[in-house]
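Undergrad: If you read the protein sequences in the order shown, they are chains U and H.
One gets the numbering used here by counting positions in the first sequence from 1 and adding 4 to each.
One gets the numbering used here by counting positions in the second sequence from 1 and adding 4 to each.
C-beta atoms are modelled at their ideal positions from N, C-alpha and C, and glycine is treated no differently.
Just so you know, these numbers come straight off a predicted model, no measurement behind them.
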Amino acid sequence: METLELLINGFAVALQGQSLLACLIGVIGGVIIGALPGLGPSTGVAVLLPLTFGRNPTTAIIMLAGIYYGAMFGGAISSILINTPGDSAAVMTCVDGYPLAQQGRAGAALGMSTLASFTGGTISVIIFTFLAPKLAEAVLWFGPPEYFALMVMGLSTVSGLTGKSPFKGMASMLVGLALSTVGVDLVTGKPRFCFGRPELFSGIEFITVALGLFGIAELINLAAGESGQLKRTEVKLSFRNMLPNKEDWGHSWPHILRGTFLGFLIGMLPGAGGTIASFISYSMAKQRSKRAELFGKGAIEGVAAPESANNAASVGAFVPLLALGVPGSATTAVLLGALMMFNLRPGPLIFQQAPEFVWGLIASMYVGNVMLVALMLLFIAAFVRVLDIPVHLLVASVFVLILAGSFSLNVGIFEVGITVAFGAIGYVMKRLEYPPAPLVLALVLGHMLENSFRQSLIMSRGSMSIFFTRPLSLILLAVAVAAVVIPAIRNYQRASASRST
Amino acid sequence: MKRGTQISAVVLLLLAIYIMVTSIKKLGYKLNGLPGPGYAPFWIAVFLVIFALGILWEAKRLPGGSIFTRRTLKMLAILTTAGIITILLALFLGLLTSLALVAGALVLLLGGSLKQAVVTVPTVGICFYLLFQRLLMVSFPKGPFGF
């Protein structure tokens, strides 16, 4: 009952003119960014974050969250029309979405992806509404050792599960942690790795790094991959031909519901996220469908299942972010950094300390989902036009927007240099298959991790045993080790098997 | 891929050794029996050494061949140079002018027409002026033209 009252108060915030406008800008920006191949939600949130500087924190985060789930909706557009996913979470949508477009059913595919995304997103927000506060209450007793162990687990699962090699994921994360130590040590006041540059005394801002790794690196990739204009399937889109028929619904609804619950659960796990959720949801739909032979050739439920799952996962990812203060993905890591920039510290206490913000954000997700379904069904033809923008114009304009955004952060050219450097590093990392998400996540969490570690050692008078004698801390650290060791062993076994054959 | 991964692992090893040496020699590993400013960086570097060695070991079974094609290398060079030129030009012409000129040049270099490049320069200048300087109140470094 209390939750409902708080949610109603949240709606009072989310339905204010300023919040509605922020949500609308966020979801439109998200759909556009999601529709552009290569530019995913993490890039979108990072690139547009500087535009929220100086704004009210609640409206700023409402806008950024709108970009996140808007991009999940938009990712399907390019998957269906040009067989190129807008982001990795939309990869599975290509498999049946593009064949449907070639059969002249692009409208139905886009309509089903929109409605499946809406269902997945909305049901997940309802679960989130009741689950997140309970989880926050349950972890209120966490002390520094448990927080340290939780962050280590979050970092190692993201590093171990993202990318092809757990070693590269861990190395990326450790470089992020090393970067987080740059700046004046808050306990002793001693500068660390500053090379005499006063700009580095306050540390390296995560957003300057994220803009380079997610923004510039993706632009280089986009420019290198495509020349001229993206070639899309010519389609006539109207409200009427986007509405799936009764038969489509009959085939899809069980997969939408399964995808929703699956996606939400997977979204809550660090390192998993929308991509894995959509893969699992698609393969389960294929296994359980009565017409499995149609999968890959244009089964409408092959679009519905991954789309409901990736949207549900994007909402699920907010649970650890808000309730525990530990993000589990690249986008939520950027969002955590954004929250901290606005002096909001996510974690169990945020539900008590900033209820207006938390419930305003949750209510805005309901509003945003309704906005998205209306926008997609009514203005899909306009969003599809985004794919007609020539790549060179897109790359040039987003590139200078990133540089201007980086400058705006601290009003300094030094930050622009860091962004450019990390753009080049990020692209090399991409080519060498080092995942950038663990680096950004570690950079965001690094300070908190070190503080929790030091506080724990002060509690134990310098003894490391504190991490192993408290049961929850021990379990979390064991999971952290397993998250790296198990994928490494699997990789080794796979390599041995391929050598022997 | 194999050579690139091996080089990256060696770079990580060198970075880790630098961090370790600096942590112990310059920052201080312990302070009054508790972790000092060099404690965390030291252990981060130790783990980095372990995983860099893991990458080296893993690299043995990677396929050969370059990680770059001519086109990817060209795009990397164009965008990185564009970033550096933006910074240098901003010192003389102001950031707004610098961003607008670089945007125009990028359109040309990435395969756009001269007409598109010429239209891009004032469009970026005006849009960024309105967005950053008017709406977001960010003060960009000014050039000889007063903006």
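Need the endpoints of the alpha helix (DSSP H) that lysine 138(U) sits in, please.
TA: For the purposes of this step, residue 138(U) is identified with residue 134 of the first sequence, where counting begins at 1. First-last of the alpha helix (DSSP H) with lysine 138(U): 110-142.
Undergrad: If I follow the unbroken alpha helix (DSSP H) through serine 70(H), where does it start and stop?
TA: Locating residue 70(H) in the second sequence gives position 66, where the first residue counts as 1. For serine 70(H), there is no enclosing alpha helix (DSSP H), as DSSP marks it with neither H nor E.
Undergrad: Starting from tyrosine 286(U), find everything on chain H with Cβ-Cβ shorter than 7 angstroms and list it in chain order.
TA: Indexing the first sequence from 1 puts residue 286(U) at position 282. Those within 7 angstroms of tyrosine 286(U) in chain H number zero; the least Cβ separation is about 29 angstroms.
Undergrad: By DSSP, does leucine 190(U) sit in helix, in strand, or in coil?
TA: Walking along the first sequence from the start, residue 190(U) turns up at place 186. Here leucine 190(U) sits in coil by DSSP.
Undergrad: Only counting the same chain, and skipping five residues up and downstream in sequence, which positions put a Cβ closer than 7 angstroms to that of alanine 94(H)?
TA: In the second sequence, the residue the question calls residue 94(H) occupies position 90. Only Ser102 and Pro145 meet the Cβ criterion.
Undergrad: Aspartate 392(U): buried (16+ other C-beta within 10 angstroms of its C-beta) or exposed?
TA: Within the first sequence, residue 392(U) is the residue found at index 388, counting from 1. Exposed is the call here.
Undergrad: Strictly by DSSP, which residues pair up with lysine 34(H)?
TA: Residue 34(H) sits at position 30 when you count from the first residue of the second sequence. Per DSSP, Pro39(H).
Undergrad: Fully enclosed by the segment 224-310 of chain U, which alpha helix (DSSP H) runs are 4 residues long or longer?
TA: Counting whole runs of 4 or more residues, the segment 224-310 of chain U contains the alpha helix (DSSP H) stretches 243-246, 250-272 and 277-292.
Undergrad: How many whole angstroms separate the CB atoms of alanine 50(U) and leucine 215(U), which I take to be in contact at a CB cut-off of 8 angstroms?
TA: Mapped onto the first sequence, residue 50(U) falls at position 46. Mapped onto the first sequence, residue 215(U) falls at position 211. With a contact defined as Cβ atoms closer than 8 angstroms, alanine 50(U) and leucine 215(U) qualify at about 5 angstroms.
Undergrad: In whole angstroms, give me the CA-to-CA distance for leucine 165(U) and serine 176(U).
TA: Numbered from 1 along the first sequence, position 161 holds the residue referred to as residue 165(U). Numbered from 1 along the first sequence, position 172 holds the residue referred to as residue 176(U). Straight-line Cα distance between these residues: approximately 12 angstroms.
Undergrad: Are histidine 259(U) and arginine 295(U) closer than 9 angstroms when you measure CB to CB?
TA: Within the first sequence, residue 259(U) is the residue found at index 255, counting from 1. Within the first sequence, residue 295(U) is the residue found at index 291, counting from 1. Taking 9 angstroms as the Cβ cut-off, histidine 259(U) and arginine 295(U) do not qualify as a contacting pair.
Undergrad: Taking the straight line between their C-alpha atoms, what separation do you get for asparagine 347(U) and proline 359(U)?
TA: Against the first sequence, residue 347(U) aligns to sequence position 343. Against the first sequence, residue 359(U) aligns to sequence position 355. Straight-line Cα distance between these residues: approximately 14 angstroms.
Undergrad: Pull up the distance between the alpha-carbon of valine 388(U) and that of serine 117(U), whole angstroms please.
TA: For the purposes of this step, residue 388(U) is identified with residue 384 of the first sequence, where counting begins at 1. For the purposes of this step, residue 117(U) is identified with residue 113 of the first sequence, where counting begins at 1. Computed Cα separation, rounded: 14 angstroms.
Undergrad: Do the segment 264-278 of chain U and the segment 306-322 of chain U meet, that is, are 3 or more Cβ pairs less than 8 angstroms apart?
TA: Remark: three or more beta-carbon pairs, one from each stretch, lie closer than 8 angstroms, so the segment 264-278 of chain U and the segment 306-322 of chain U are flagged as touching.
Undergrad: Where does valine 377(U) fall in DSSP's three states?
TA: Here residue 377(U) refers to the residue found at position 373 of the first sequence. DSSP places valine 377(U) in helix when its eight states are reduced to three.
Undergrad: Using the Cα positions of valine 399(U) and leucine 226(U), report the straight-line distance between them to the nearest angstrom.
TA: By 1-based counting over the first sequence, the position of residue 399(U) is 395. By 1-based counting over the first sequence, the position of residue 226(U) is 222. Rounded to whole angstroms, the separation of the alpha carbons of leucine 226(U) and valine 399(U) is 8 angstroms.
Undergrad: Considering only the alpha carbon of each residue, which of Tyr133(H), Leu139(H) and Leu140(H) lies closest to glycine 150(H)?
TA: In the second sequence, the residue the question calls residue 150(H) occupies position 146. Glycine 150(H) has its Cα closest to that of Tyr133(H), out of Tyr133(H), Leu139(H) and Leu140(H).
Undergrad: Any C-beta of chain U within less than 7 angstroms: which residues of the segment 64-75 of chain H qualify?
TA: Arg65, Ile71, Phe72 and Arg75
Undergrad: Which of the three DSSP states, helix, strand or coil, is assigned to arginine 474(U)?
TA: To locate residue 474(U), count along the first sequence from 1; it is residue 470. Coil.
Undergrad: CA-CA distance, leucine 104(U) and proline 248(U)?
TA: Reading the first sequence from its first residue, position 100 is the one you call residue 104(U). Reading the first sequence from its first residue, position 244 is the one you call residue 248(U). About 12 angstroms.
Undergrad: Nearest to glycine 58(H) by alpha carbon, out of Phe383(U), Pro491(U) and Leu382(U)?
TA: Indexing the second sequence from 1 puts residue 58(H) at position 54. Comparing Cα-Cα distances from glycine 58(H) to each of Phe383(U), Pro491(U) and Leu382(U), the minimum goes to Pro491(U).
Undergrad: I want to verify the contact list: residues of chain U whose CB lies under 7 angstroms from the CB of isoleucine 88(H), in sequence order.
TA: Position 84 of the second sequence holds residue 88(H). What isoleucine 88(H) touches in chain U: Val424.
Undergrad: Less than 9 angstroms between CB atoms is the rule here; does proline 54(U) satisfy it with respect to chain H?
TA: As a position in the first sequence, residue 54(U) is number 50, starting the count at 1. The beta carbon of proline 54(U) sits closer than 9 angstroms to some beta carbon of chain H.
Undergrad: Under a CB-based cut-off of 9 angstroms, is phenylalanine 471(U) close to chain H?
TA: Residue numbering aside, residue 471(U) sits at position 467 when the first sequence is read from its first letter. Not one chain H Cβ lies under 9 angstroms of phenylalanine 471(U).
Undergrad: Report the option in Glu419(U), Ala342(U) and Val319(U) whose CA atom is closest to the CA atom of glycine 74(U).
TA: As a working note, residue 74(U) is residue 70 in the first sequence. It is Val319(U) whose Cα lies nearest to the Cα of glycine 74(U).
Undergrad: Short of 7 angstroms Cβ to Cβ, which residues in the segment 63-86 of chain U face chain H?
TA: none
Undergrad: Can you pull the chain U neighbours of leucine 52(H), defined as C-beta to C-beta under 8 angstroms?
TA: Here residue 52(H) refers to the residue found at position 48 when the second sequence is read from its first residue. Taking a Cβ-Cβ threshold of 8 angstroms, the residues of chain U close to leucine 52(H) are Ala175, Leu178, Val179 and Ala182, in chain order.
Undergrad: Are the beta-carbon atoms belonging to glycine 302(U) and arginine 109(U) less than 9 angstroms from one another?
TA: Translated into positions along the first sequence, residue 302(U) becomes position 298. Translated into positions along the first sequence, residue 109(U) becomes position 105. Cβ atoms of glycine 302(U) and arginine 109(U): closer than 9 angstroms.
Undergrad: Within the continuous alpha helix (DSSP H) that includes aspartate 100(U), where are the two ends?
TA: The residue you call residue 100(U) lines up with position 96 of the first sequence. Element bounds for aspartate 100(U): 95-106.
Undergrad: Which stretch, first to last residue, makes up the alpha helix (DSSP H) that contains phenylalanine 435(U)?
TA: Looking up residue 435(U) in the first sequence gives position 431. With the sequence shown as reference, residue 435(U) is identified as arginine, and phenylalanine is not the correct amino acid for it. 417-435 is the span of the alpha helix (DSSP H), which, as asked, contains arginine 435(U).
Undergrad: In chain H, which residues lie less than 9 angstroms from valine 307(U) when you measure between Cβ atoms?
TA: Here residue 307(U) refers to the residue found at position 303 of the first sequence. Correct list: empty, because the minimum Cβ distance to chain H is about 32 angstroms.
Undergrad: Check distances from the C-beta atoms of the segment 121-148 of chain H to those of chain U and list, in chain order, the residues that come in under 9 angstroms.
TA: Ala121, Thr124, Thr127, Val128, Cys131, Phe132, Leu135, Phe136, Leu139, Leu140, Met141, Val142, Ser143, Phe144 and Pro145
Undergrad: Does isoleucine 211(U) have its Cβ less than 9 angstroms from a Cβ in chain H?
TA: Mapped onto the first sequence, residue 211(U) falls at position 207. No, isoleucine 211(U) lies away from the interface with chain H (no Cβ there is under 9 angstroms from its Cβ).
Undergrad: If we count the other Cβ atoms within 10 Å of its Cβ and call it buried at 16 or more, is valine 485(U) buried or exposed?
TA: As a working mapping, residue 485(U) is identified with position 481 in the first sequence. Flag for valine 485(U) reads exposed.
Undergrad: Report the neighbours of glutamate 454(U) on chain H: residues whose CB is nearer than 8 angstroms to its CB, in chain order.
TA: Locating residue 454(U) in the first sequence gives position 450, counting from the first residue. Per Cβ cutoff of 8 angstroms: Ala44.
Undergrad: Does the segment 132-145 of chain U come into contact with the segment 327-341 of chain U, if we say contact requires no fewer than three beta-carbon pairs (one atom in each stretch) closer than 8 angstroms?
TA: yes
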